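Taking it in order: structure first as structure tokens, then the write-up.
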Amino acid sequence: MANARIVTDVTALLEPEQVDQLQITALPLNIKFGKETFRISSRQTWDSFFEHMAGRPAQKTEISIPPDAFQQAFSQLNRETEEILVIPSSGMLSSVYSQAQSAARAFLGRCRIQVMDSMAVSWGLGFLVQAAADAAADGQSLDTVVRLVRGMLPHIYVIFSAERLDYLERGGRIGPAQALLGTILHIKPMLLVEDGELVPVEKVRTQEMALEKLADFVAEFAAIQQVVILRSPLAGEHSPQVAELREHLSLALPNQVVPVVEYDPILACHLGPEALGVVVYEGI
Numbered sequence: 047m048a049n050a051r052i053v054t055d056v057t058a059l060l061e062p063e064q065v066d067q068l069q070i071t072a073l074p075l076n077i078k079f080g081k082e083t084f085r086i087s088s089r090q091t092w093d094s095f096f097e098h099m100a101g102r103p104a105q106k107t108e109i110s111i112p113p114d115a116f117q118q119a120f121s122q123l124n125r126e127t128e129e130i131l132v133i134p135s136s137g138m139l140s141s142v143y144s145q146a147q148s149a150a151r152a153f154l155g156r157c158r159i160q161v162m163d164s165m166a167v168s169w170g171l172g173f174l175v176q177a178a179a180d181a182a183a184d185g186q187s188l189d190t191v192v193r194l195v196r197g198m199l200p201h202i203y204v205i206f207s208a209e210r211l212d213y214l215e216r217g218g219r220i221g222p223a224q225a226l227l228g229t230i231l232h233i234k235p236m237l238l239v240e241d242g243e244l245v246p247v248e249k250v251r252t253q254e255m256a257l258e259k260l261a262d263f264v265a266e267f268a269a270i271q272q273v274v275i276l277r278s279p280l281a282g283e284h285s286p287q288v289a290e291l292r293e294h295l296s297l298a299l300p301n302q303v304v305p306v307v308e309y310d311p312i313l314a315c316h317l318g319p320e321a322l323g324v325v326v327y328e329g330i
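For the sequence shown, the numbering used here gives the first residue as 47, with consecutive numbering after it.
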């Protein structure tokens, strides 16, 4: 039988050639935003979803894998392998993780399927998935790949500055009074991803202060293997805020190349379509 195979969802930041070369299965998402449902299957559909969100208030959202998508993927992969590792987006931010667990139970005795909560999003999720797929392609066992990913999890850190307080209110991360006052005073909450959940940790009053806080967060690490800026698809790579953040980071990390990538629709459902963040992988 073939090596262990990796399954994730489309929010893992991976290039199409990586998905093809490493034989990664990246399943699409259905996102119900208010009364409308969007199928997220590519970067182009990400952009359309963000554009739809841009001029609208926060809505109730439901995030899931299309019905039977996991079962179909598992059935197809089981023809080629007896070991499957599923690494979906954080179980605290969508139902994808629980869907994977439920689907995997139907294959007990037929195929060994391990479902891991990545507790990660966007670039962090893609980084874990690529590492797992690389190890599987090298012939590592499922247990070895799982240990590798679990060893990486505690070393990925993410922080965001949010622009839209209505999304934080909708998600219960701030109260209505905080949201109203914060909007009036142009407060910008800072949120960390902790154990897969977005947790408010601080509030600042200006965009400049938010950018400084993001840079200060990165500067606290004694060792950094990779740092990445996470921006909205609505903001160009060379937007003033992104350019200023890169400048701050270049002062703190003069020898570090800092890529700029887009954050995903799951995060947008919780943070809004106009947030800005950084992810740090400090290495093992």
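Glycine included, each C-beta is placed from N, C-alpha and C at the ideal position.
This one's a predicted model, so the numbers in the text were calculated from it and none came from an experiment.
Annotation for G170: I202, V204 and V325 place their beta carbon closer than 7 Å to its own, counting only its chain and skipping 5 residues before and after.
According to the DSSP assignment, R277 belongs to the beta strand (DSSP E) that extends over Q272 to R277. About 6 Å separates the CB atoms of T107 and K78; that is less than 8 Å, so the two are in contact. In the structure shown, the three-state DSSP call for D93 is helix. With a 10 Å radius around the Cβ and a threshold of 16 neighbouring Cβ atoms, P305 comes out exposed. For R156, the number of other beta carbons within 10 angstroms of its own is below 16, and it is reported as exposed. Non-local C-beta neighbours of P103 in its own chain, meaning closer than 6 Å and more than five positions away in sequence, comprise D212, ordered along the chain.
The shortest CA-to-CA distance from C315 to any of D241, M236 and A208 is the one to A208.
Following the DSSP letters along the chain, one finds L214 inside the alpha helix (DSSP H) bounded by residues L211 to R216.
Assignment of P200 by DSSP, reduced to helix, strand and coil, places it in the helix class. Straight across, the Cα-Cα distance linking A150 with S296 is about 45 Å. Residue range T71 to L73 is occupied by the beta strand (DSSP E) that includes L73.
Look at Y327 here: in three-state DSSP terms it is strand. Contact check for V132 against V161 passes: the beta carbons are separated by less than 7 Å. Comparing alpha-carbon positions, the option among F173, R216 and E215 lying closest to M198 turns out to be F173. Looking at the DSSP output, I77 bridges to F84 and I109.
Distance from I70 to A179 at the Cβ level is roughly 5 Å; contact confirmed, criterion being Cβ atoms closer than 8 Å. Rounded to whole angstroms, the gap between the alpha carbons of P112 and T57 is 14 Å. Annotation: the continuous beta strand (DSSP E) that includes E308 extends over V306 to E308.
F116 and G137 have their alpha carbons spaced roughly 16 Å apart.
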